[in-house]
Every structure is written in C-alpha cells, then in structure tokens.
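In this text, residue positions in the sequence shown follow my numbering: the first is 4, and each later residue adds one.
A virtual CB, placed ideally from N, CA and C, is assigned to each residue, including glycine.
Since the model is a prediction, treat every value here as computed from it, not as a measurement.
The structure appears right after this line, and notes come after that.
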Amino acid sequence: MEAKREPAKNFQQLVVWQKAHQLVLMVYKVTESFPKHELFALTSQLRRAAVSVPANIAEGFRKRGPRDKLRFFNTAEGSLEETQYYFLLSRDLGYADTESLIEQANEVGRLLEAYGKSIRASLQSSNS
C-alpha cells in the first residue's frame, strides 16, 4: 500500500511544476543557438509558450476552487501543446534536435493530466 503524500505547501513542491520548470530551462539553453533572425519569431514564441506552462501551474496552485485550478491546469496543457509544435518546427527547420525536449514535454503532459484527473475527482466527490 502506498503512503499518502503530504499536500504541497507551495507550487515549487509540485513535481509537475518542477518538471515544467526544468523544461523551460532547457528551452532557453537550446534556443540560444537558434539563428539570430529568429530572435523575435520562433525563439520568442517557443520561450513564451514554454514559460506559460509552469507559470499557469503556479497560478492555478493558489486558486481556491477546483474549477479555477482546473482552468489554469488546462491552460498549461494548451501551452504545452503549443510548445510541442514549436519543438517539431525547430527540428524540421534544422535548428535543434528536440527529441529529448519532446520526451520531457510528454512527461509534463502526463503529470498535468494526472493532476487534472485528481482535481476532477475531488470536484465530483464534493458534488456527491
């Protein structure tokens, strides 16, 4: 039987936020080598989308109601999908090998999905 985990006291304790933050750090590192003409295009868009993921997780963490929490986690999921597209584009343009970034993003996606399920379950049990 698995021990029950203590609830996180701040967003930094959330594994999903930690993984999303690590992904952002990797995005910044990878995009440093993108062509300079992409600075205000793909580089900026990719960084913005990636940063939105842990930012929305952090903001959603402080929301009181499960519906508000879900909305922010869903926004994070949308930003993650956008980030995934930019990884594919970067790869197809020959700017970077993004395979490991895609794998990291998939892991964040699985964690976000699990969090969403947990929040929905608590919402359903409180409505019962």
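Just to confirm, are residue i and residue j a CB contact at a threshold of 8 Å?
i, j, result
"M29", "Q127", "no"
"E9", "A52", "no"
When the Cα atoms are used, what is the spatial distance from residue i to residue j?
i, j, result
"P38", "A124", "46 Å"
"L49", "S36", "13 Å"
"V33", "A99", "7 Å"
"R94", "N59", "26 Å"
Looking only at its chain, what residues have a beta carbon closer than 7 Å to the beta carbon of residue i, apart from the 5 residues adjacent to it on each side?
i, result
"G81", "none"
"F2", "In the structure displayed, the chain extends from 4 to 131; residue 2 sits before or after that span and is not available."
What residue from the options has the CA that sits closest to residue i's CA?
i, options, result
"S55", "K66, W20 and L42", "W20"
"Y118", "Y88, L73 and E102", "L73"
"N130", "K22, P69 and G112", "P69"
Quick one: what does DSSP say residue i is sitting in, helix, strand or coil?
i, result
"A99", "coil"
"G68", "coil"
"A117", "helix"
"E9", "coil"
"S36", "coil"
"L17", "coil"
Report all residues from its chain with a CB closer than 8 Å to the CB of residue i; omit the five preceding and five following residues, and keep chain order.
i, result
"L96", "L45"
Excluding sequence positions up to five away, which residues of its chain have a Cβ less than 6 Å from the Cβ of residue i?
i, result
"H24", "P57"
"Q87", "A108"
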